[in-house]
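Numbering (the numbering used here), first residue to last: 876 to 987.
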């Protein structure tokens, strides 16, 4: 039974190190944020009241911060001035994202 857990932990460590090695040359300029876990991301930082936890993290890391929820990278904006910057000045960057298949089925081919 012990060898199963040892193998699982070894595989997780191997893939996380492999991911860091592959992404070594692809450094992106991301906002500051807390340190996350390899597979879970930053879910361990959120508790019973996530809005209070995000407020505490925003006081520490700034109004714009980078977090990962699972494997989904997320940029969190928590100040009105930064939200205005994202939504008014850089809206074309965020407006042309690809549509999901689910929105076609649920929203009558995006007509609603």
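From the three backbone atoms N, C-alpha and C, an ideal C-beta is built for every residue, glycine too.
Using 8 Å as the cut-off, can you tell me whether the stretch 930-943 makes contact with the stretch 907-922, which would need three or more C-beta pairs spanning the two stretches below that distance? The stretch 930-943 vs the stretch 907-922: in contact.
Would you report the Cα separation of residue 881 and residue 887, rounded to the nearest angstrom? Whole-angstrom Cα-Cα distance: 10 Å.
Own chain, CB closer than 8 Å to residue 921, minus 5 neighbours either side, in chain order: Around residue 921: 928 and 929.
CA-to-CA distance, residue 976 to residue 967, given in whole angstroms: C-alpha separation (whole angstroms): 21 Å.
Measuring CA to CA, which of 964, 895 and 943 is closest to residue 910? Looking at the Cα atoms, 943 is the closest of the given residues.
Looking only at DSSP bridge pairs, what is residue 941 linked to? Beta-bridge pairing links residue 941 to 950.
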